[in-house]
Amino acid sequence: MNFFIIFSINYTGTYTHLKVKAVKTKFWRPNEDFLKIIVESVQSFLRNGDIVVISEKAISTSLGNIVDESKVVPGFLAKFLVIIWMRLFWGFFLGNICRFKESSINHFRFYPLKEGSSHKQVVLRCSGFLSALKYGSEGGIDISNMPSSLACLPLEKPQILARQIYEKLKKKTGKNLTVIISDTDSTFSFHNIHFTSHPHPIKGIINFGGVLPFILGRALNVRQRATPLAVEGVKVEVEEAILFAEIAHHIRGSGAGRTVWDMSKRYNVNFSEITWNMLDLVKHFPIVLLRR
């Protein structure tokens with residue numbers, strides 16, 4: 000099995016030498032047996048001390064933890080958030096403060112009214128007003144790499160699922176492992192202070208909720224990395240868990256596209272016209288193996 004070799008450095012100046020491998024699987028659809036897929040994908044080459052990082056979205060999708068936004072009727076507040084907050088505030092003010100590229104700012108200014116309002120309505124219902132003020136992955140709700148008008152909701156109890164994965168792998172292989180469930184939603188770090196807007200980070204990462212952590216982190220240009228949501232098995236420190244989540248994020252890539260606009264451009268269709276079959280054709284790496 001071929002590994003990439005990565006040298007990374009944390010905030011204390013300590014170097015970490017890791018071997019990393021993205022594990023390719025099929026695209027996980029609702030009602031897939033994610034435990035079976037994980038075990039079959041990695042059991043033959045696991046060693047003691049390995050770290051297995053798994054995408055929250057892949058697990059959540061397999062559990063059917065999704066919403067069809069095309070069936071949601073947006074209210075006045077959701078439409079207000081699109082027309083005033085997204086198009087004007089993000090498009091002409093917050094986008095620049097948060098150091099976004101011009102292409103992203105243009106997306107804010109032309110944020111789609113119909114689909115955008117339905118999406119904001121889902122966020123308002125599931126995560127609340129403060130989360131709806133964020134520009135994407137609001138409250139952990141994600142529409143990238145999802146077909147049609149489906150949105151993937153965050154896992155409510157990621158620690159329980161990480162425990163299930165760890166126990167299954169431990170039973171099958173007998174190896175002492177670390178299992179991490181992670182999300183690409185940002186954790187910002189200032190020395191040993193870590194904060195995020197994701198609703199369910201691991202202990203040691205402060206969850207302020209809403210849009211404020213994202214604006215502060217981007218505006219102050221502090222370190223921005225992926226977010227570990229659960230750690231099970233052999234203990235790792237918070238900084239290590241964030242580092243592993245970030246490495247996994249970069250190694251696995253962005254699938255069909257980092258944003259719905261990227262997906263739409265890739266397939267040359269409106270993002271609401273993307274199908275499961277289109278996503279099946281893309282290489283997916285929901286599991287990343289790290290070895291010290």
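Its first residue numbered 0, the sequence shown is counted upward by one per residue in numbering that gives the first Met the number 0.
Just so it is clear, CB atoms sit at the ideal spot from N, CA and C, and this is done for glycine as well.
Remember, it's a predicted structure, so these values are computed and weren't measured experimentally.
N144 counts as buried, since no fewer than 16 other beta carbons sit within 10 angstroms of its beta carbon.
About 6 Å separates the beta carbons of F213 and S185, which is inside the 8 Å limit, making them a contact pair. Rounded to the nearest angstrom, the gap between the Cα atoms of S147 and F91 is 29 Å.
Closest by C-alpha distance to I273, out of L280, S263, V281 and K282, is S263. If you look at L168, you'll find it in the alpha helix (DSSP H) that goes P157 to T172.
Taking a contact to require three or more Cβ pairs closer than 8 Å, the segment 188-198 and the segment 156-171 do not qualify as touching. Contact between the segment 280-287 and the segment 17-24 is present: three or more C-beta pairs spanning the two stretches fall below 8 Å.
Restricting attention to E239, P200 and G232, the CA atom closest to the CA of H16 is found in E239. DSSP, read as helix, strand or coil, puts V22 in strand. Residues of the same chain with a CB within less than 6 Å of the CB of K169, apart from the 5 flanking positions on each side, do not exist. Of all C-beta pairs linking the segment 170-184 to the segment 69-77, fewer than three are shorter than 8 Å, placing the two stretches out of contact.
C125 sits in a helix when the DSSP states are folded into three classes.
When only Cα atoms are considered, E114 and I142 end up about 11 Å apart.
In this structure the segment 204-211 does not lie against the segment 72-84, because fewer than three pairs of beta carbons, one per stretch, are closer than 8 Å.
Leaving aside the five residues that flank R86 on each side, the residues in its chain whose CB is nearer than 7 Å to its CB run, in chain order, F107, R108 and Y110.
Taking C-beta atoms as the reference points, F26 and L278 count as a pair closer than 8 Å.
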